[in-house]
Amino acid sequence: MKQISRRDMLTITVCFGTTIASGVVLQGTARSAELPARSGKKSKIVVTGGHPGDPEYGCGGTIARYTDLGHEVVLLYLNKGEPRGNPGKTASGTRVEEARKACDILKAHPVFADQIDGEAIVDREHYEQFRKVLEAEKPDAVFTHWPIDNHADHRAMSMLVYDAWLRMGKKFALYYYEVSNGEDTLQFAPTHYVDITETEQRKRLACYAHATQSPDKFYALQEAVTHLRGIESGHKQAEGFVRHVQSPDFRLPAEL
Ligand SMILES: [Zn+2]
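Just so we're on the same page, my numbering is the position in the sequence shown counted from 1, plus 478.
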């Protein structure tokens, strides 16, 4: 009987992982299929969000781990958190200032895609506009909203990123994240996890920098999720991600 080598096992694992439809938790098998690419290279990572605060709540601990390792991270927000005419209670410019403060805490940089809060548009013109914004960043990896989400701006961002990924030839790694589960993200089953036990305090500060956005309520919800993902992955707190099955290889901080 032919002995199966470790290389054969990895190949089998990769094929198996690719064959299964998404929605199945592949923790462990997916992680073992990682290839040793980009070692030593400083990478450019773009974390997109429907609003200021989304990347911080969904990926703040992972962002801090990337920037601690010297990688460049951009938080790309679809809008400035201001509805048309700014009829809400928040003074004009406040959400932008909060985003800048949150980015400083995470050692990241903010970029705004100039759509309007609550009025995200997904059409040919806006696909094109967004692709140009993303292309200018030259990302090695992009994180975006999981597409099944109760907020239209989140779904829009997910579609805009996906279209750009296709048009750019699937050149960058593509990961999905979760935010405000139950209220926003639904039916999310991570394939990958990042231990954020050491960076959770900075994530918390970055989320609380969005002081006008009820951080007591929303951080408590997100922290329940990171505790659950921690239980699943064997850490105190973790962030969970789904990697697109056709994504190029790209290491999460846990694997660097
Ligand atoms: Zn949002």
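Beta carbons are placed, not taken as given, at the ideal position from N, Cα and C, and that holds for glycine.
Quick caveat: nothing in here was measured; it's all calculated off a predicted structure.
Is A591 near L556, with beta carbons less than 8 Å apart? yes
How many angstroms separate the CA atom of T622 from the CA atom of V600? 15 Å
What does H623 pair with, by DSSP beta-bridge criteria? Y655
May I ask which residues mark the beginning and end of the beta strand (DSSP E) holding I599? Element bounds for I599: n/a, residue is neither H nor E.
Rounded to a whole number of angstroms, what is the C-alpha to C-alpha distance between D631 and G718? 21 Å
Buried or exposed, going by whether 16 or more other CB atoms sit within 10 Å of the CB of L664? exposed
One question on the structure: do P625 and G596 come within less than 8 Å of each other, judged by their Cβ atoms? no
Spatial distance of E576 from A684 (CA atoms): 9 Å
Is the stretch 671-688 touching the stretch 634-644, taking contact as three or more C-beta pairs under 8 Å? no
Around the C-beta of A741, are 16 or more other C-beta atoms found within 10 angstroms, so that it is buried, or is it exposed? There is no way to answer for residue 741, as the model of the chain reaches only from 479 to 734.
Could you check what DSSP says for V723 in three-state terms: helix, strand or coil? coil
Exposed or buried, which one is S500 when buried takes at least 16 other CB atoms within 10 Å? Note that S500 scores a pLDDT of 34, beneath 50, so its modelled location is shaky; the value from the coordinates is reported in the next line. Answer is exposed; the Cβ neighbour count stays below 16.
G528 CB to nearest heavy atom of ligand 1 below 7 Å: yes
Nearest-angstrom Cα separation, counted from G536 out to D727: 21 Å
Indicate, with yes or no, if ligand 1 has a heavy atom lying under 7 Å from the CB of I618. In the sequence as displayed, the identity of residue 618 is Asp instead of Ile. It does not: the Cβ of D618 is nowhere closer than 7 Å to a heavy atom of ligand 1.
Is H722 near ligand 1 - that is, is its Cβ less than 7 Å away from at least one heavy atom of it? no
Range of the contiguous beta strand (DSSP E) that encloses Q593: H587 to Q593
Is it the case that the Cβ atoms of G538 and H629 are separated by a distance below 8 Å? no
Counting only beta-carbon separations shorter than 8 Å, does S692 have a partner in chain B? Chain labels in this structure do not include chain B; a single protein chain is all it has.
Report the option in R578, A598, A667 and L584 whose CA atom is closest to the CA atom of V720. A667
For my contact list, D648 and A542 are in at a C-beta cut-off of 8 Å; report their separation, rounded to the angstrom. For clarity, residue 648 is Lys in the given sequence; the question names Asp instead. The Cβ separation is near 27 Å, so there is no contact.
Could you tell me if G708 is buried or exposed, where buried requires 16 or more neighbouring beta carbons within 10 angstroms of its beta carbon? buried
Exposure of E656, with buried meaning 16 or more beta-carbon neighbours within 10 Å: buried
At a cut-off of 7 Å, is H629 close to ligand 1 when judged by its beta-carbon and the heavy atoms of the ligand? yes
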